[in-house]
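The structure under discussion appears below in the form of structure tokens.
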Ligand code: PBG
């Protein structure tokens, strides 16, 4: 019996660690990570988020410390989300443009502590400030009205920029908000404040733990399906991205991450802007719960998902696992 040999052995380059390193197509580095942090009132407060094991809400002083930690880890940017006190939430979310709100105090504390050693990304949407938990203003029928909401979001964005925010990230999914915010930033002399648009943000079941963390979940009346996207749609995501770029977005985000790698890929193939994935709270919680249930090694599960985002075309990933990922990378 004559022996036949394969012409090509793809296993050859996989045989050793050094060779695998040589042919590796995608790398993850600390500069690919954006670390979302939750802010709460008080001083010296660390308040663990029950549904996000290992994640806490920090008072402003703690946020400044986390930011310094991020600088030391080589993480280039943090994202801030406030848990607004109950008595400051209202139907119109007016606390969002109070120059002394929790968010602004946190932005200033980070900038005082770290200056331009780190970028501060701020979420624009009313849900941490409204009594009904919706991202915008609601009419009598409970519908989130578009244009009046945009006007308020502009005030919120300018308030954040005045406090020192570096990247404004509208997560509200109203039509036309990127243009309105860009114009207001220009007129306010904030020419270099960036906009990272939550361009393709889906009405997802994976946001639950985040809503616990900012305290909007229990309040939410109805759902967000009239403004966040239907998970069944892909072409529509490209339409959202095209509009946000035309309206002045510097970069775009796809959210959540793992169930939408095809969207990331399509956006990256079609457009010449940086694309980010938000590995959202439910994704974090699933990794932690899976590891706790013995599904696999937590760090290995985590790193496989993060490299997947890079391979799909992301310039970076928002992940609550950011500091852990840097440790795994050897930082
Ligand atoms: C607010 C906002 C949400 C998230 C980021 N910004 C929640 C929502 O739209 O209900 C979710 C992030 C996460 O789940 O980690 N507009």
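Numbering (this note's numbering), first residue to last: 20 to 350.
All residues carry an ideal CB built from backbone N, CA and C; glycine is no exception.
Computed from a predicted model, the values in this text were never measured in an experiment.
Decide if residue 141 is buried, meaning its Cβ has at least 16 other Cβ atoms within 10 Å, or exposed.
buried
Could you give the distance in angstroms between the alpha-carbon of residue 80 and the alpha-carbon of residue 298?
26 Å
Would the beta-carbon of residue 190 fall within 8 Å of that of residue 143?
yes
Taking DSSP as the reference, what is the three-state secondary structure of residue 138?
strand
Pairs of beta-carbons, one from the region 310-322 and one from the region 267-284, closer than 8 Å: are there three or more?
no
Just how far apart, CA to CA, sit residue 102 and residue 209?
26 Å
Would you say residue 89 touches ligand 1, meaning its beta carbon is less than 7 Å from a heavy atom?
no
Nearest CA to the CA of residue 178: which residue from 163, 114, 136, 235?
114
Quick one: measure Cβ to Cβ for residue 197 and residue 263, integer angstroms, because I've assumed they're closer than 8 Å.
5 Å
Which residue from 199, 339, 316, 265 puts its Cα closest to that of residue 292?
265
Below 8 Å, can you find three or more Cβ-Cβ pairs linking the region 67-82 to the region 221-232?
yes
Ordered along the chain, which non-local residues of its own chain (more than five positions away) have a Cβ less than 8 Å from that of residue 170?
199
I need the DSSP call for residue 31, collapsed to helix, strand or coil.
helix
For ligand 1, any of its heavy atoms closer than 7 Å to the Cβ of residue 241?
no
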